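Asker: I have a structure here, written as structure tokens, and I will follow up with some questions on it.
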Amino acid sequence: MALKYHPDKNKTEEACSKFQEIHEAYVYLTSELTNIYDFNDNDFENGDDYNDTSSNKTYLSAFIKVLFKNPEQQEIAEKICEIVYNKIGEKAMKKSLEFLEKVDRRLLKIVYTILAKYQQILCINTEFLSKIGDILKMKFDNDERIILNPSLKDLFEANLYKLKIGDQLFLVPLWHHELVYDNSGCELTVECVPELQSTNMSIDENNNLHINLNYELTELWKMKWIEIDFLKISYPVDNLNIVPTQTRIIGGSGIPQINKNDIYDVSKRGNIYLHIFIIE
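Heads up: the sequence shown at position 148 corresponds to 150 in my numbering, and the numbers run straight through without jumps.
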């Protein structure tokens with residue numbers, strides 16, 4: 003989650019503030035839990051059986067409120083922690099596990115990851131944590147991953163791929179790198195790996211197309227345009243400098259840029275970078 007809001011990945015003021023908030027909460031939680039761990043170790047050596055469950059739950063609760071701003075998610079996460087800490091009978095255990103089976107798996111996975119990482123420090127019951135792990139495995143077991151190989155033409159034409167899984171039909175925008183769909187309660191991940199016409203081409207994370215072009219100087223003297231026929235683009239040779247390497251940009255004429263809020267949006271397009279090498 004911190005990576006999502008890291009300033010290197012997300013330049014907005016809100017993202018920087020969010021990253022700082024998560025980082026500070028993480029440092030605080032780690033520091034406090036370490037203190038608890040040291041304190042417990044000393045007590046153990048002195049023969050005392052110390053278990054400050056209330057303090058542990060307080061730290062977890064504070065961290066949960068940073069991770070989940072949605073009140074409903076906070077409530078569910080808090081309930082998971084309550085279930086883990088409370089000593090419950092077999093009948094109540096069954097009901098608790100039934101509740102956990104209904105919890106959104108992404109939320110459950112985040113909470114489970116925190117509990118598992120600090121299991122010893124927080125005195126988490128190993129058996130119960132194992133049961134949560136089994137529930138998570140069951141929730142993710144039926145996931146499916148499909149890899150599509152669109153052509154460069156598919157990307158430039160913003161084509162959609164009709165993907166039929168059982169009775170469900172998914173329209174996959176082929177210019178995206180990866181999409182996750184809900185497939186009857188299971189997760190369907192579709193990865194798009196374009197098949198490029200040549201090894202001198204690559205696509206970066208922002209959907210800009212990079213093309214490496216090698217020319218002899220005598221060859222360039224005879225040309226008026228650098229033409230990429232299959233893309234129907236051209237660049238005037240007169241605009242080049244006589245230097246060994248240079249890059250020319252054809253702006254906003256490339257592959258549609260990814261809009262995560264509207265996966266079918268093609269209003270903005272990436273650039274085409276021509277990396278030109280003049281060889282002797």
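Yeah, the Cβ is synthetic: ideal placement off N, Cα and C, and Gly gets one too.
A quick note: this is a predicted structure, and the numbers were derived from the prediction, not measured.
Considering only C-alpha positions, which residue in the set Glu129, Lys133, Ile235 is nearest to Leu276?
Answerer: Ranking the options by Cα distance to Leu276, first place goes to Ile235.
Asker: Given 8 Å as the limit, is there contact between the region 202-217 and the region 182-191, that is, 3 or more CB pairs closer than that?
Answerer: No: the two stretches stay apart, fewer than three of their Cβ pairs being nearer than 8 Å.
Asker: Which residue comes first and which comes last in the beta strand (DSSP E) that contains Val182?
Answerer: Looking at the DSSP string, the run of the beta strand (DSSP E) that includes Val182 is 180-185.
Asker: The alpha helix (DSSP H) with Ser132 in it runs from where to where?
Answerer: Ser132 -> alpha helix (DSSP H) spans 128-143.
Asker: Just to confirm, are Ile265 and Pro175 a CB contact at a threshold of 8 Å?
Answerer: Result yes, Cβ atoms of Ile265 and Pro175 sit closer than 8 Å.
Asker: Name, in chain order, the residues that DSSP records as bridge partners for Phe192.
Answerer: For the sequence presented, residue 192 should be read as Val rather than Phe. The partner list for Val192 (beta bridge, DSSP) reads Ile148, Leu181.
Asker: Does the contact criterion of 3 or more C-beta pairs under 8 Å hold for the region 102-113 versus the region 131-142?
Answerer: They touch, by the three-pair rule.
Asker: Once you ignore the five residues that flank Asn210 on each side, which residues in its own chain have a CB closer than 8 Å to its CB?
Answerer: The residues are Gly256, Ile257, Gly272, Asn273, Ile274, Tyr275.
Asker: Which term fits Leu101, buried or exposed, when burial requires 16 or more other beta carbons within 10 angstroms of its beta carbon?
Answerer: According to the sequence as given, residue 101 is Phe; it is not Leu. Phe101 should be labelled exposed.
Asker: With DSSP as the reference, please indicate the residues paired to Ser203 in a beta bridge.
Answerer: The sequence given here places Met at residue 203; Ser does not occur at that position. Note: Met203 sits in a beta bridge opposite Ile213.
Asker: Expressed to the nearest angstrom, what Euclidean distance is found between the alpha-carbon atoms of Gly168 and Cys194?
Answerer: Those two C-alpha atoms are separated by around 20 Å.
Asker: Please go through the same chain and pick out, in chain order, the residues whose beta-carbon is closer than 6 Å to the beta-carbon of Asp10, but skip the five residues on each side of it.
Answerer: Residue placement at Asp10 cannot be trusted, given a pLDDT of 44 that sits under 50; what the coordinates show is reported in the next sentence. Nothing meets the Cβ criterion.
Asker: For the alpha helix (DSSP H) that contains Ile112, what are its first and last residues?
Answerer: Looking at the DSSP string, the run of the alpha helix (DSSP H) that includes Ile112 is 107-119.
Asker: Along the chain, where does the beta strand (DSSP E) containing Phe232 start, and where does it finish?
Answerer: No beta strand (DSSP E) contains Phe232, which DSSP labels as neither H nor E.
Asker: Measuring only the C-alpha atoms, how far is Ile230 from Pro238?
Answerer: Near 12 Å, if we compare the C-alpha coordinates of Pro238 and Ile230.
Asker: Go ahead and label Trp177 buried or exposed: buried means 16 or more other beta carbons lie within 10 angstroms of its beta carbon, across all protein chains shown.
Answerer: Trp177 comes out buried.
Asker: Rounding to the nearest angstrom, what Cα-Cα distance links Tyr217 and Ile251 in this structure?
Answerer: The straight-line gap from Cα to Cα measures roughly 18 Å.
Asker: Between the Cα of His179 and those of Glu103, Lys224, Leu150, Glu146, spot the shortest distance and give me the residue it belongs to.
Answerer: Among Glu103, Lys224, Leu150, Glu146, the Cα nearest to that of His179 is on Leu150.
Asker: Starting from the Cα of Lys133, find the closest Cα among Met225, Lys226, Lys119, Tyr114 and give me that residue.
Answerer: Comparing Cα positions, the closest option is Tyr114.
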